[in-house]
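Numbering (my numbering), first residue to last: 215 to 381. For each residue, glycine too, the CB sits at the ideal point set by N, CA and C. Values in this document were obtained by computation on a predicted structure and should not be read as measured data. Working notes, beginning with the structure itself.
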């Protein structure tokens with residue numbers, strides 16, 4: 215039997231592989247400052263019936279991983295991205311194996327953050343679905359002061375639809 219952290223991890227991997235999901239998440243991360251793990255967490259909670267999540271709980275969840283995300287995960291991501299096209303004076307053929315190892319460490323760091331997040335998840339209380347995912351994502355994006363632009367609304371709808379296949 216899987217614990218909540220394993221269920222969340224499996225859900226995240228499956229959702230991330232769905233067409234268009236990775237692009238949406240990475241674009242929102244890079245352009246809007248959205249935390250991908252937190253977004254995946256809210257998708258999982260909504261899809262799995264682990265809702266509602268009140269604003270105070272969401273703030274607590276954000277705080278629980280903030281230092282880890284900035285101090286470890288984001289730092290690894292920045293190093294990996296800086297190495298993508300090579301570093302002056304070092305052949306890319308020499309640096310790529312290290313970049314691949316950093317990517318593995320970054321993924322391991324994401325999994326640690328997900329374990330923390332899963333520990334904060336409310337218990338399953340009902341049948342979840344796209345409507346719950348939309349409510350949770352809209353609450354989070356509003357906290358980030360993201361505009362209710364067409365791009366953001368479409369991203370929320372596409373993520374919610376993708377979640378309906380993985381709950």
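Tell me, which residues are paired with residue i by DSSP?
i, result
"residue 304", "301"
Take residue i and list the residues in its own chain whose beta-carbon comes closer than 8 Å to its own, dropping the five residues that flank it on each side.
i, result
"residue 374", "257, 260, 344, 345, 347, 348 and 351"
"residue 265", "259, 336, 339, 340, 342, 346, 349 and 350"
"residue 235", "229, 372, 373 and 376"
"residue 300", "306 and 309"
"residue 269", "353 and 357"
"residue 247", "358"
"residue 231", "none"
Just checking my contact of residue i with residue j at CB under 8 Å: how many whole Å lie between their CB atoms?
i, j, result
"residue 287", "residue 324", "6 Å"
"residue 290", "residue 316", "6 Å"
"residue 254", "residue 278", "15 Å between Cβ atoms; not a contact."
"residue 276", "residue 239", "Actually they are not in contact, since the Cβ atoms of residue 276 and residue 239 sit about 17 Å apart, beyond 8 Å."
Might you give, ordered along the chain, the residues of its own chain that have their beta carbon closer than 6 Å to the beta carbon of residue i, omitting 5 neighbours on each side?
i, result
"residue 222", "258, 328 and 332"
Helix, strand or coil: how does DSSP classify residue i here?
i, result
"residue 278", "helix"
"residue 267", "coil"
"residue 251", "helix"
"residue 311", "helix"
"residue 226", "helix"
"residue 358", "coil"
"residue 232", "coil"
"residue 363", "coil"
"residue 323", "helix"
"residue 381", "Model confidence at residue 381 stands at a pLDDT of 44, short of 50, so the residue's coordinates are unreliable; what they give is reported in the following sentence. Three-state DSSP puts residue 381 in coil, outside helix and strand."
"residue 215", "At residue 215, the pLDDT of 46 sits below 50, so the modelled position is not reliable; the number obtained from the coordinates is stated separately. In this structure, residue 215 counts as coil in the three-state DSSP scheme."
"residue 369", "helix"
"residue 262", "coil"
Need the endpoints of the alpha helix (DSSP H) that residue i sits in, please.
i, result
"residue 235", "235-246"
"residue 340", "Looking at the DSSP string, residue 340 is not in any alpha helix (DSSP H), and its letter there is neither H nor E."
"residue 283", "Where residue 283 is concerned, there is no enclosing alpha helix (DSSP H), given that its DSSP letter is neither H nor E."
Can you find the residues in the same chain that come closer than 7 Å, C-beta to C-beta, to residue i, ignoring five residues on each side of it along the sequence?
i, result
"residue 218", "332 and 335"
"residue 294", "313, 316, 317 and 320"
"residue 369", "238 and 242"
"residue 366", "355 and 360"
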